[in-house]
Amino acid sequence: MQIEDTARQPTRTVVLHPDLRRQAQRRAPENALAEAVSLAEALGDLDVIAARVVPVPAPRAGYLFGSGKTDELSDWLRGEEIELVVIDGPVTPVQQRNLEKAWKCKILDRTGLILEIFADRAQTREGVLQVELAALGYQRTRLVRSWTHLERQRGGLGFVGGPGETQIEADRRALDERINQIRRALEKVVKTRGLHRKARAKVPYPIVALVGYTNAGKSTLFNRLSGADVMAKDMLFATLDPTMRAIELPSGQKVILSDTVGFISDLPTQLVAAFRATLEEVLDADLILHVRDISHPESEAQAADVRDILESLGVSEARRDEMIEVWNKVDLLGEGELAAAERVAERHARHIAVSAVTGRNVDALLEQIDEAVSDPILTEELNLPVSAGEALAWLHARKLVQTTETRDLRMLTGVEWTRKQKDQFFKQFREAL
């Protein structure tokens, strides 16, 4: 007796990158297409048969592509027996519905594809909830297209729509209820994360956050610096959930190293909003390491995308200027390119060329981190009222007091402290002084 193979076959997929000629684009269409193919392959169960750059002189509201190009692609897709077309760009619900009817296959735009990848990768409860929240918000705008039982029907009283419209509203209400449930659950998770942050604040360890374009080698560098075993593959969005480890710097000072989700150009706004809680680690960080794949042909464009996303998250320009740029993957450069990259990095105080794989210049990076987070010791004298016993106890508890002298109901107190400790002191006791 022959047993039928019921294993699911990979979906025959084509990736299309619309080259919108009238819009200024940061990267070459061919490189954008290659990234889109990598995204599709990162999903795992897609068999990418072919990929094309499709010129789009003027986007059509109903189909995105012109009628001639739509028909041409339809014949080609039918001949290749394509089941899924990934369009590397935004596609409106109307365009998606019309193209699916014309091409007789499923359409997935860039946002939908990234959401699928995130849903596949999320591991922690917070990550799963964030992805589901983003996916539901995306799906809510596409109810009329994506649910087969929601075809618009005329009838009933003849105003807007018949039973189909009623079903759409019912499903939209169900989605809204689920969205509210997830938001309430996330609020609890965020509170827990806030408590963890407060607990870490009591331990005077600076936080160093790694950010960068996806696949820049952040997780590999994180593993190299911390000795952790975070998943690190040559794959877009190999890791999603943030990981934190304490490491010791050359001076003996300890810091908390945080690995974050990789960024990407045109990151869906739903995901930026959903992952804001996770990325709060970046906002709270004392130092940001911007990890770049310096071997990539569009490393500069990727770096610009990362800076744009950091700005959208609320990271100030001053803090972005203080980031250390880690030019990773120098092991993939030729000798001439490597020498040139190291010369350029040496001319900038906060640039360093490293290889997370081979360990090249990683010790120098640790020294640079050490220098950046080290707060110089300030020697100052405070003139405190004798009634400020709680403030004086705060100083003694942290062993900051060097001398104390009482004079005319005032306490002249000599202290040695860091700028951060000084700011904490005056924030807590300014009114009492």
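Residues -10 to 422 in our numbering are what the sequence shown lists, from first letter to last.
Don't be surprised by glycine CBs; every beta carbon is placed ideally from N, CA and C.
Whole-angstrom distance between residue j and residue i, CA atom to CA atom
| i | j | result |
| --- | --- | --- |
| Val37 | Lys243 | 46 Å |
| Pro286 | Ala329 | 15 Å |
| Gly325 | Leu9 | 36 Å |
| Thr81 | Arg308 | 36 Å |
| Ala198 | Glu360 | 16 Å |
| Asp248 | Val4 | 30 Å |
| Ala17 | Thr368 | 55 Å |
| Asp294 | Glu24 | 14 Å |
| Thr181 | Thr232 | 16 Å |
| Leu32 | Val75 | 12 Å |
| Lys318 | Asn350 | 11 Å |
| Glu314 | Glu89 | 44 Å |
| Ser305 | Arg296 | 10 Å |
| Lys438 | Asp310 | Since the first residue of the chain shown is -10 and the last is 422, residue 438 is not available in this structure. |
| Leu97 | Gln85 | 8 Å |
| Gln410 | Leu354 | 26 Å |
| Trp406 | Ala382 | 15 Å |
| Leu196 | Gly241 | According to the sequence as given, residue 196 is Ile; it is not Leu. Approximately 15 Å, taken between the alpha carbons. |
| Glu379 | Asp412 | 16 Å |
| Leu28 | Asp255 | 13 Å |
For residue i, the three-state DSSP class (helix, strand or coil)
| i | result |
| --- | --- |
| Thr407 | strand |
| Tyr424 | This structure cannot speak to residue 424, because the chain is shown only from -10 to 422. |
| Arg419 | helix |
| Pro82 | helix |
| Thr402 | strand |
| Leu88 | helix |
| Asn20 | helix |
| Leu322 | coil |
| Gly378 | helix |
| Val250 | coil |
| Arg1 | strand |
| Ala235 | strand |
| Thr100 | helix |
| Gln391 | strand |
| Val74 | strand |
| Ile168 | helix |
| Arg336 | coil |
| Leu367 | strand |
| Leu35 | strand |
| Lys180 | helix |
| Lys207 | helix |
| Lys93 | coil |
| Val351 | helix |
| His285 | coil |
| Glu121 | helix |
| Glu69 | coil |
| Ser215 | helix |
| Val261 | helix |
| Asp273 | helix |
Contacting residues, own chain, Cβ-Cβ under 8 Å from residue i (five flanking each side not counted)
| i | result |
| --- | --- |
| Asp165 | Arg129 |
| Val375 | Thr395, Leu398, Arg399 and Met400 |
| Glu69 | Arg1, Val3, Ile38 and Ala39 |
| Val26 | Val4, Val37 and Ala40 |
| Gln357 | Ile313, Arg339 and Ile341 |
| Ile283 | Trp316, Asn317, Lys318, Val319, Leu322, Ala330 and Ala342 |
| Glu300 | Glu306 and Arg309 |
| Leu389 | Val404, Glu405, Trp406 and Gln410 |
Beta bridge counterpart(s) of residue i as assigned by DSSP
| i | result |
| --- | --- |
| Ala342 | Trp316 |
| Ala111 | In DSSP, Ala111 forms no bridge with anything. |
| His6 | Val42 |
| Leu175 | Answer is none; Leu175 lacks a bridge partner. |
| His279 | Val200 and Glu314 |
| Asn372 | Leu401 |
| Ile298 | Answer is none; Ile298 lacks a bridge partner. |
| Arg49 | Leu53 |
| Asp160 | Paired residue(s): none; Asp160 is not in a bridge. |
| Val244 | Ile236 |
| Arg396 | Arg399 |
Same chain only: Cβ atoms within 6 Å of residue i, ignoring 5 sequence neighbours per side
| i | result |
| --- | --- |
| Gly403 | Glu370, Gln391 and Thr392 |
| Gln291 | Tyr202 |
| Met312 | Ile277 and His279 |
| Phe148 | Only weak support is given to the placement of Phe148: the predicted model assigns it a pLDDT of 30, under 50, and the value that follows is read from those uncertain coordinates. None. |
| Val120 | Phe107, Ala108 and Ala111 |
| Arg131 | Pro82 |
| Arg408 | Asp364 |
| Pro7 | Val43, Val45 and Gly78 |
Residues near residue i by beta carbon distance below 7 Å, same chain, minus five either side
| i | result |
| --- | --- |
| Lys207 | Leu199, Gly201, Asp248, Gly251 and Val280 |
| Tyr194 | Ala235, Lys243, Val244 and Ile245 |
| Val346 | Thr209 and Asp320 |
| Asn372 | Arg399 and Leu401 |
| Val30 | Sequence check: residue 30 is Glu here, not Val. Around Glu30: Val37. |
| Arg49 | Gly55 |
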